[in-house]
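For the record, in the sequence shown the residue sitting at position 123 is 122 according to numbering that gives the first Met the number 0, with numbers rising by one throughout. Just so it is clear, CB atoms sit at the ideal spot from N, CA and C, and this is done for glycine as well. Quick caveat, the model's predicted, so the values are computed rather than measured.
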Amino acid sequence: MSAKYAFSQTLKEVRFLFCQTGAHSDATRSFLARTYPTMKKHNPNTPILLREAAGTQPKVYARYEFGREVSEELAGLSDKEIEDKVTGLHRISIESAEARRHCKYPADEMKIELLACYNKHYVMSLWTLMGRLFHFGVIIIIGKRV
């Protein structure tokens with residue numbers, strides 16, 4: 000169980016949103032009561048945030064490097080299903096790190112990152128994309144076509 004929650008370095012933050020009293024958040028609360036100490040022990044430098052708000056549907060957010068963020072709904076799931084969702088978020092960070100390891104040039108890294116975003120149905124904002132292209136030395140010219 001403990002190896003599941005040793006996150007890679009590409010995972011920068013994990014946020015859990017849930018209701019402190021609602022029945023729809025019972026499984027999330029029990030999952031966090033059981034696994035939070037293990038997650039924190041194996042990831043002392045990764046922020047694991049617990050946000051309680053009345054009436055909030057349970058959800059988990061994972062923020063990766065370069066500002067990429069993924070969320071998963073936890074409403075109506077059992078403790079085991081929530082564990083599978085969190086483990087899935089961890090696997091995404093490992094896939095990103097593995098793809099980056101095989102790159103020879105920064106431009107290749109960017110292409111792999113964008114393909115991973117497309118394949119995983121992530122949404123990258125235009126400003127984030129432009130910032131990434133500028134970081135890798137790609138000149139962006141935006142103007143009217145003549």
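Residue interval of the beta strand (DSSP E) (run including residue i)
{"i": "F65", "result": "Taken as a continuous stretch (DSSP letters only), F65 belongs to no beta strand (DSSP E), as it is neither H nor E."}
{"i": "F15", "result": "10-17"}
Check whether residue i and residue j have beta carbons under 8 Å apart
{"i": "E82", "j": "F30", "result": "yes"}
{"i": "V85", "j": "I47", "result": "no"}
{"i": "Q8", "j": "E51", "result": "no"}
{"i": "A4", "j": "T34", "result": "It should be noted that the sequence gives Tyr, not Ala, for residue 4. Closer than 8 Å, so yes."}
{"i": "T45", "j": "F17", "result": "no"}
Whole-angstrom C-beta distance between residue j and residue i, which should lie under 8 Å
{"i": "S70", "j": "V59", "result": "7 Å"}
{"i": "A61", "j": "E68", "result": "7 Å"}
Proximity test, residue i beta-carbon vs the ligand MN heavy atom, cut-off 7 Å
{"i": "V85", "result": "With respect to small molecules bound, the structure shown includes none, and the ligand MN cannot be examined in it."}
key: alpha helix (DSSP H) runs wholly inside the region 20-87, at least 4 long, in chain order   = 25-41
ask   = Are the region 36-47 and the region 16-28 touching by the rule of at least three beta carbon pairs closer than 8 Å?
value = no
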